[in-house]
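**Student:**
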Amino acid sequence: MSEIVVEIKGVAKTFRDFWLRPVAEAVRGVDLSVEKGDVFGLLGPNGSGKSTTIKMLLGLLRPSAGEIRLFGLPPGDCRARARLGYLPELSYLHPFLTARETMLYYAGLSRMPRREAKARAAELLETVGLSGAADRPVGGFSKGMARRVAFAAALVARPELLVLDEPTSGLDPIGTREVKDLVRRLAAGGMTVLITSHQLFDMQDICSRVAILSRGRVVGGGRVADIVERAADKRHALEDYFAEVVA
Amino acid sequence: MRRFIALARTAALESLAEPLSAVVFLAALLVVHLAPVFHYHRFGDAARLPRECGLSALLVFGLVFATSAAVRTIGRELSSGTASAALALAVPRWLFHCAKTAGVFAAFALFAAAATSATLLAARTSALGAEIAATGADVRIWGPGLAFGAGGTLLAFAAAAAANRFLRWRFCASACLLTAAAQPFALVMSVPAGGFAEKGAFISEAVLLLPSFAVLAAACLVFIALAAALATRLDSARVTAALVSAVLLSFFAGQVDRACPAAGWAVRSVLPVLSDFWTADRLVGGGALSAAETCRLVASAVLLVAFWLGAGSALLSRRELP
Chain A
64 MSEIVVEIKG VAKTFRDFWL RPVAEAVRGV DLSVEKGDVF GLLGPNGSGK
114 STTIKMLLGL LRPSAGEIRL FGLPPGDCRA RARLGYLPEL SYLHPFLTAR
164 ETMLYYAGLS RMPRREAKAR AAELLETVGL SGAADRPVGG FSKGMARRVA
214 FAAALVARPE LLVLDEPTSG LDPIGTREVK DLVRRLAAGG MTVLITSHQL
264 FDMQDICSRV AILSRGRVVG GGRVADIVER AADKRHALED YFAEVVA
Chain B
30 MRRFIALART AALESLAEPL SAVVFLAALL VVHLAPVFHY HRFGDAARLP
80 RECGLSALLV FGLVFATSAA VRTIGRELSS GTASAALALA VPRWLFHCAK
130 TAGVFAAFAL FAAAATSATL LAARTSALGA EIAATGADVR IWGPGLAFGA
180 GGTLLAFAAA AAANRFLRWR FCASACLLTA AAQPFALVMS VPAGGFAEKG
230 AFISEAVLLL PSFAVLAAAC LVFIALAAAL ATRLDSARVT AALVSAVLLS
280 FFAGQVDRAC PAAGWAVRSV LPVLSDFWTA DRLVGGGALS AAETCRLVAS
330 AVLLVAFWLG AGSALLSRRE LP
């Protein structure tokens, strides 16, 4: 049996105001499990609770109910978080740091020795095609370039689990294709990937399993190969399935 | 330790890389260096006005610089999401808070060292100007002091601009660093040539002045730690308002103490009483701050810093980061 990397059981999240009155019920009893080596797509329309679920998994938000285990540990445990890389929905970078300094900053946060960090930064900037801009401040980068730096930063510590929140947002078609190819290569190397996206066509290409969220609940999902096999239009199988279960 | 260093170094750089930081460095140091020029009253003590001007610059400009830096490095990071990107990794929240605050402390230490060097130079400039004036010559300013001090500060800014143009260095951060480096350099260059007697007056003045700067800087560190703790929960406008209130409260802590001892005790438990930390009046006419009192004041500031660091860490630990 394959190792369970992420286990989410009956998780709910209700946002409350200053007076603790409920404001929004973002997630309502979600159950998920991601196995080692999976490329798991967490799909859903805007406001369906994808990002909230991911933030609970990363320990940035506390669930109102339910249980989350990351590598068998609670998400607040640093031993669990040391094994993951995270690409946020927006590329949160320090604008005054150069691309290389950004990589060294994230390498420092993962306690990587300085010499190894420098080599890793150069290698990853080469991988994302930013070697030529390595010493420019990221504040002056285009959205696509910033996205590539953030992607490289998520990989700097050689994580076992890569959490990608809308990885292709802001990227042009070529950048999107490069990200897809990179995710495929990482998955082939044994990395587990948890990915959220609206680009269902792209997700069909790279995900091995998906779960579809709508209004805070899991309304569908399964192995992508099975969904494609059942579909009449194989090319748009995931889009058709998504429309069916969300509707 | 690597995580702490990575976070603290970024926070220090962020503190210095803002235009406001360069403006504060330039304004504070020029005010100190130009104090001997506008020297119309000596109060029987030639170095008094530059000395008090330097201490005031450390307190006022230091608080402006440090508050804005603390709000930026913690508050703005939390609201912009860069903090979430770091805290999603194996970074405990208390470590994040303490390291970020330590980075702001380091940037403030640079400012405090520059202000102290500038004040020593300005005080010496003023004293020598008074000696020359006493001989009957109509000279009020000791030229080399002004040239090395104010000129060096402006030259450092020009060097930062050149480094930005030709080497792509960050202008504001390098302006702050070069300006701060110029101050001790100017101070060393202006030490009078000659034997021990000539240098002796200079050194004894420095020995008298340094404890006062150390004590006042320690009080500023408490306010930085307070601003950092507040920034974990409040936006920049609210942090600024709360900090201004805290500074005013600590100014008038003596009066509060007399009116209501319980309230005075409460204020003393969480804030430095600025009237205790303002020791400029004791330096008049060659007076000094005793070593025991210096240690007592610095120790009380260290305890308050520890209290606010703990409070900030606890507040951040309980905060959700949507």
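The listed protein sequences derive, respectively, from chains A and B. Take 64 as the starting number for the first sequence in my numbering and just add one per residue. Take 30 as the starting number for the second sequence in my numbering and just add one per residue. Cβ coordinates follow ideal geometry from the N, Cα and C atoms, glycine included.
Using a Cβ-Cβ cut-off of 8 Å (strictly less than) and excluding sequence neighbours within five positions of Cys249 of chain B, which residues of its own chain qualify?
**Tutor:** Closer than 8 Å at Cβ, skipping near neighbours: Leu87, Leu88, Gly91, Leu92, Ala95, Phe137, Ala141.
**Student:** According to DSSP, simplified to helix, strand and coil, what is Ser96 of chain A?
**Tutor:** strand
**Student:** Kindly indicate which residue of A:Asp268, A:Val256, A:Glu307 has the alpha-carbon position closest to the one of Ile67 of chain A.
**Tutor:** A:Val256
**Student:** What does Cys141 of chain A touch in chain B if you count any residue whose Cβ is under 7 Å from its own?
**Tutor:** Ala119, Pro121
**Student:** In the DSSP assignment, the beta strand (DSSP E) including Leu92 of chain B goes from what residue to what residue?
**Tutor:** Here Leu92 of chain B belongs to no beta strand (DSSP E); instead the alpha helix (DSSP H) covers 77 to 99.
**Student:** Does the beta carbon of Gly132 of chain B come closer than 8 Å to any beta carbon on chain A?
**Tutor:** Judged by the 8 Å Cβ criterion, Gly132 of chain B is not in contact with chain A.
**Student:** Do Ser44 of chain B and Val133 of chain B count as a contact pair if the criterion is CB distance below 8 Å?
**Tutor:** yes
**Student:** So that I know if they touch, is there some Cβ in chain A lying closer than 8 Å to that of Ser113 of chain B?
**Tutor:** yes
**Student:** Let me check understanding here. Comparing Cα to Cα, which of A:Ser173, A:Lys297, A:Glu189 lies closest to Gln267 of chain A?
**Tutor:** A:Lys297
**Student:** I believe Val114 of chain B touches Pro158 of chain A by the beta-carbon criterion, under 8 Å. Please report the beta-carbon distance rounded to the nearest angstrom.
**Tutor:** Correcting the residue type first, residue 114 of chain B is Ala in the shown sequence and not Val. Contact flag wrong, Cβ pair sits at about 13 Å.
**Student:** Would you mind sorting Val331 of chain B into buried or exposed? The rule is 16 or more other CB atoms within 10 Å of its CB.
**Tutor:** exposed
**Student:** So the alpha helix (DSSP H) Ala75 of chain A belongs to, where does it begin and stop?
**Tutor:** In the DSSP assignment, Ala75 of chain A falls outside any alpha helix (DSSP H) and lies within the beta strand (DSSP E) extending over 67 to 79.
**Student:** If you draw a straight line from the C-alpha of Gly316 of chain B to the C-alpha of Phe231 of chain B, how long is it?
**Tutor:** Those two C-alpha atoms are separated by around 15 Å.
**Student:** Find the nearest neighbour of Ala57 of chain B within the set B:Ile34, B:Ala46, B:Cys82, B:Arg77, judged by alpha-carbon distance.
**Tutor:** For Ala57 of chain B, the nearest C-alpha among the options comes from B:Cys82.
**Student:** So, for Ser127 of chain A: in the same chain, excluding its five sequence neighbours on each side, which residues have a beta-carbon less than 8 Å away from its beta-carbon?
**Tutor:** Only Ala75, Lys76, Thr77 meet the Cβ criterion.
**Student:** Check whether the Cβ of Ala46 of chain B lies closer than 8 Å to any Cβ atom in chain A.
**Tutor:** It does: the Cβ of Ala46 of chain B has a partner Cβ on chain A nearer than 8 Å.
**Student:** Within 8 Å, do at least three Cβ pairs link the region 238 to 258 of chain A to the region 168 to 185 of chain A?
**Tutor:** no
**Student:** Keeping to the same chain, check which residues put their C-beta closer than 7 Å to that of Asp101 of chain A; ignore five residues upstream and five downstream.
**Tutor:** Apart from the 5 residues on each side of it in sequence, Asp101 of chain A sits with its Cβ closer than 7 Å to the Cβ of Thr255, Ser271, Arg272 in its chain, given in chain order.
**Student:** Quick one: is Ala295 of chain B buried, meaning 16 or more other Cβ sit within 10 Å of its Cβ, or exposed?
**Tutor:** exposed
**Student:** What would DSSP say about Ser271 of chain A, mapped onto helix, strand or coil?
**Tutor:** coil
**Student:** State the Cα-Cα distance for the pair Gly252 of chain A and Ala143 of chain A, rounded to the nearest angstrom.
**Tutor:** So the alpha carbons of these two residues sit roughly 20 Å apart.
**Student:** Just to confirm, are Val191 of chain A and Leu160 of chain A a CB contact at a threshold of 8 Å?
**Tutor:** It is not a contact, given that the beta carbons lie outside the stated cut-off.
**Student:** Do you know offhand how far Ala179 of chain B's Cα is from Gly339 of chain B's?
**Tutor:** 40 Å
**Student:** Please identify the residue among B:Ala275, B:Ala328, B:Ala235 whose C-alpha is closest to the C-alpha of Ala151 of chain B.
**Tutor:** When only C-alpha atoms are compared, the closest one is B:Ala235.
**Student:** Would DSSP call Phe137 of chain B helix, strand or coil?
**Tutor:** helix
**Student:** Please compile the residues from chain B whose C-beta is within a distance smaller than 8 Å of the C-beta of Lys113 of chain A.
**Tutor:** Within 8 Å Cβ-Cβ: nothing; Lys113 of chain A doesn't reach chain B, min ~13 Å.
**Student:** On a Cα-Cα basis, can you pick out the residue from B:Ala176, B:Ala209, B:Phe177, B:Leu175 that is closest to Ala189 of chain B?
**Tutor:** B:Ala209
**Student:** Which residues in chain B sit within 9 Å of Leu118 of chain A, going by Cβ to Cβ distance?
**Tutor:** Position check: residue 118 of chain A holds Lys in this sequence, whereas Leu was assumed. Correct list: Ser113, Ala117, Glu349, Leu350, Pro351.
**Student:** Taking a cut of 8 Å between CB atoms, which residues from the region 247 to 264 of chain A lie near chain B?
**Tutor:** Within the region 247 to 264 of chain A, no residue has a Cβ that lies closer than 8 Å to any Cβ of chain B.
**Student:** Excluding five sequence neighbours on each side, which residues of the same chain lie with their C-beta closer than 6 Å to the C-beta of Pro79 of chain B?
**Tutor:** Ala64, Pro65, Ala151, Ala152, Ser155
**Student:** When burial is assigned at 16 or more other CB atoms within 10 Å of the CB, is Ser108 of chain B buried or exposed?
**Tutor:** It is exposed - the Cβ of Ser108 of chain B has fewer than 16 other Cβ atoms within 10 Å.
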